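Just so we're aligned, residue 7 is where the sequence shown starts under the working numbering, counting upward by one. In what follows, a single structure is set out as structure tokens and then discussed.
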Amino acid sequence: MAVLDIRNLIYWYRTRRGAVHAVDNISFKLEQGETIAVVGESGCGKTSTANAILRLLPKNVERYEGEIWFDGQDIMALGNEDFRKQVRWKGISMVLQGALNALNPTVRAGAQVAEPLIVHYDVDRDEAMEQAVAAMKRVGLPQDIARRYPHELSGGMKQRVVIAMALILKPKVVILDEPTSALDVMTQTNIINLLKEMKAAEGLSYIFITHDLGLASDLADHVAIMYAGEIDEIGPADHVFVHPKHPYTGRLLASVPRLRSEDAPEFIPGAPPDLTRPPPGCRFHLRCPVAFEKCGWVAEEFVDRLRLLQATTQGKEGFPRFSEVEARGTQMVVLRADSDSPETLAASFSEFVKSGRETNPFLKSVRSVDAKTKAVAVTLHEGAPPPLIGEEWRAACWLVQEATAHDTIPA
Ligand SMILES: Nc1ncnc2c1ncn2[C@@H]1O[C@H](COP(=O)(O)OP(=O)(O)OP(=O)(O)O)[C@@H](O)[C@H]1O
Ligand code: SF4
Ligand SMILES: [Mg+2]
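Here's what the structure looks like:
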């Protein structure tokens, strides 16, 4: 039985601009003694996932739904008080993002490690200090560190203090949110080795949140690739990092600089979408180099791309000579020309779509081009969000779905 089984977790924030879909229906399991790395670009919802699991909710929560099974119990069904007593820090704990910089400068390290025991469990101060020193020993900190203030500690020592805080109540699952991103490479390696040793010795399970693919591949048994509030690909780290199925994972891996490689890292064009208006269809379609008919372009996005292309290529041979372009609803785009007739414009636009589909994937979304009395109507294919398909190793991409249907998974 998995120690943690997350099913259809949804966690949105309410803002003036609308609801931020930070975590949108994600599911994954974590086995005892295993590490799952949650990887993705900044703002994709990694910390929000962690906060949702630990029910660390700000006031502006818009939706918080799903099931979180911990040790065989659906902890979403627990009242807040029971959750605090039974689960938070005791069953599942967390090293918060940036925690080493948030240590209280006026309180000695040992007292800060002991604090959860005193605050949450009313443990007597001397006993709490004894346990704090023991927890600090577990993470390789000598006893005298307990008496030092944070400014007397190195970055690596501070991070060990923060990990000791997360371990003091002997949880089964520890969520580590970017635990090493503020550390130099050697200290980072020491911390990762410490985490590995504790996992091997004590059977701890980790959710390791990072945007560092190298660290993720070093520590993780499984990996979940997040994009725009969703999991795009999830599976054994050995498989996902070697033969990613999802185009986003492939681009993410290609963006990592490599020592001793002639190849320059590739950047993913564009930026992650605004999560108050996640793109319809596949959320990656605006940046996907292999997007096609099913991926979900809508008229407004099509018009934006076409205008951009017009600004950079107008006047060049083969570019259709339209003077106006506008979206009509979600699936229709209307083009008008000053000089050419609708028939001439429709013919040149059809030719342009045919020849430009490979270099500009958004053109693949064109279903038909029709000359009307005064304008040209371009109708787009309707897309849909791809489901996460597969068993042990799942990816949410229509191409993977098509390939699986023909029994050949793209490498
Ligand atoms: N309290 C909040 N209110 C409104 N929006 C929020 C709040 N906290 C986070 N967000 C938004 O939710 C989305 C996901 O944020 P989150 O912090 O989970 O991302 P992340 O993947 O952890 O990013 P990073 O790698 O930068 O830490 C972002 O668009 C962020 O701006
Ligand atoms: S479904 Fe697959 S091919 Fe289509 S945009 Fe998404 S990742 Fe790209
Ligand atoms: Mg974060």
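Glycine included, each C-beta is placed from N, C-alpha and C at the ideal position. A quick note: this is a predicted structure, and the numbers were derived from the prediction, not measured.
| Item | Value |
| --- | --- |
| So what does K35 bridge to, in DSSP terms? | D11 |
| Taking the DSSP output, what are the residues bridged to W2? | This structure leaves residue 2 out entirely; the chain is present only between 7 and 417. |
| What whole-angstrom Cβ distance do N31 and E236 have, given they're in contact under 8 Å? | 7 Å |
| Quick one: what does DSSP say R266 is sitting in, helix, strand or coil? | coil |
| CB-CB under 8 Å to Y233, same chain, minus the five flanking residues each way: which ones, in chain order? | G46, E47, C50, Y254, P278, R289, F290 |
| For I169 versus V93, is the C-beta distance shorter than 7 Å? | no |
| Ends of the beta strand (DSSP E) at L182? | 179-183 |
| Where DSSP assigns a beta bridge to V372, which residues make up the other side? | L386 |
| Which one of G362, R400, A401, C301 has the shortest CA to CA distance from A390? | C301 |
| Could you check what DSSP says for Y254 in three-state terms: helix, strand or coil? | helix |
| Report the residue from K52, R266, N110 whose alpha carbon sits nearest the alpha carbon of D218. | K52 |
| Taking I215 and L182 to be in contact with their CB atoms under 8 Å, please state how far apart those CB atoms are, rounded to whole angstroms. | 7 Å |
| For G389 and chain D, any beta-carbon pair shorter than 7 Å? | No chain D is present in this structure, which holds just one protein chain. |
| Which of the three DSSP states is assigned to P242 in this structure? | strand |
| For I169, does the three-state DSSP call read helix, strand or coil? | helix |
| Measuring only from the beta carbon, is T53 closer than 6 Å to any heavy atom that is part of ligand 3? | yes |
| Please state whether the Cβ-Cβ distance between A25 and E68 is less than 7 Å. | yes |
| In terms of residue numbering, what span does the alpha helix (DSSP H) encompassing I59 cover? | 52-59 |
| Where does S99 fall in DSSP's three states? | strand |
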